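Each residue of the sequence shown is one higher than the last, beginning at 1106 in our numbering. Working notes for the structure below.
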Amino acid sequence: MAHTYIKRFTLGVALTLLMVAFAADSFAAGTPAGTVISNTATADYEDANANALQAISNTVTTTVNQVSAVDISPPTGSLNADPGDLVCYAHTVSNNGNDAGIIDIATSSSQGFTVTVYEDVNTNGTYESGTDTLLTDTGGSADVDTGILPDSVSSPGNNSIEILVCIAVPAGTADGTVDATDIDIASVNDPGATDSATDTTTVQSPDLGVVKSVSPVGNQPPGTTLTYTIVVTNNGAVDALNIVLTDPVPANTTYVGSSITQDAATRTDGADGDNADHDDTNAGEVTVAIGTLASGASTTIVFEVMID
């Protein structure tokens, strides 16, 4: 009787798979945009005769998306200013995305002050005419911009620009005026990638108050000596400079010679080196060059006339 023998073979398969798993956006944030990630699986195995065999899968690819991220720092600034000042705030604008691109810079002053933005070329935090460069609209968006900034992945450390946001405070702006200038930045690659900062400028200006009184008060006969007292006070937050007080001698009176005092110190009538005179700097007037009054300070001027 014939017998049939069946020889059973066991196939041993050594399978090696290269697996890549990631969250697309977070991975791309650290990889340049456009990078192609390839993945191929390989299976190594043997047949019954111990012959080494290999099976290779198809290759799958993933292209890294562009991820935009921008930053402006510091997020706030605060300075005091005099009327007529140009106040500049230093900020750093960074492209933290994975592709080079332009960052728009839009500014808005709550008081309607004029705002200009410069590149701080020597990065010293101070505006210098002739050194720092006025930023313009290079991308056609109507906002000034940084020009093309390298990305943080390909050029770490070279992906930012130092800027100066300069605010012109008009002459005559009232003491205590507060301006909030908003700086809004956005990626041209992705307008949804934004950041912002706010600079607050408080205007501090001198504010002089002048109060005059006379003694004696009421109706007086000819020959009466009238004593005029003028108190000048700086009610503002900063020094008042180059103050000059003038007071005309009233009609129907005659100035009493050598009667000028300032804070009880006698002043002479002529132009002889002290800071006061009568009928010299200005005809028919008492003139006192007070000079500087600090914030909250006052000075008192006294002189006399006689009723004709």
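Glycine included, every Cβ here is placed at the ideal spot set by N, Cα and C. Please read all numbers here as calculations on a predicted model, not as lab measurements.
Continuous beta strand (DSSP E) stretch holding residue i: start and end
i	result
residue 1398	1390 to 1398
residue 1285	1283 to 1292
residue 1151	1147 to 1151
residue 1182	1181 to 1186
residue 1361	Element bounds for residue 1361: n/a, residue is neither H nor E.
residue 1409	1403 to 1412
residue 1382	1381 to 1383
Those residues which DSSP pairs with residue i across a bridge
i	result
residue 1206	1254
residue 1268	1196 and 1224
residue 1298	DSSP output for residue 1298 lists no bridge partner at all.
residue 1350	1393
residue 1178	1197
residue 1314	1338
residue 1143	1166
residue 1367	1370 and 1406
Rounded C-alpha distance that separates residue i from residue j
i	j	result
residue 1234	residue 1300	28 Å
residue 1223	residue 1254	15 Å
residue 1236	residue 1362	58 Å
residue 1310	residue 1256	44 Å
residue 1281	residue 1386	35 Å
residue 1201	residue 1315	57 Å
residue 1221	residue 1283	18 Å
residue 1216	residue 1352	37 Å
residue 1325	residue 1410	13 Å
residue 1420	residue 1139	With the chain covering only 1106 through 1413, there is no way to say anything about residue 1420.
residue 1287	residue 1177	12 Å
residue 1389	residue 1339	27 Å
residue 1117	residue 1151	Low confidence applies to residue 1117: its pLDDT is 38, below 50, so where it sits in the model is not reliable, and the reading given next is rough at best. Near 6 Å, if we compare the C-alpha coordinates of residue 1151 and residue 1117.
Cutoff 7 Å; reference residue i; Cβ partners in own chain excluding five residues on either side
i	result
residue 1404	1337, 1367, 1368, 1395 and 1398
residue 1295	1173
residue 1258	1135, 1136, 1137 and 1203
Candidates the options: closest to residue i by CA position
i	options	result
residue 1342	1196, 1402, 1192 and 1329	1402
residue 1413	1371, 1352, 1400 and 1329	1329
residue 1188	1373, 1139, 1272 and 1351	1272
residue 1331	1248, 1213 and 1407	1407
residue 1252	1259, 1268 and 1181	1268
Cβ neighbours of residue i in the same chain (closer than 6 Å, five flanking residues each side left out)
i	result
residue 1219	1273
residue 1291	1209 and 1299
residue 1141	1166 and 1168
8 Å CB neighbourhood of residue i in its chain, flanking five on each side removed
i	result
residue 1415	Given a span of 1106 to 1413 for the chain in the structure shown, any question on residue 1415 remains unanswerable.
residue 1246	1209 and 1293
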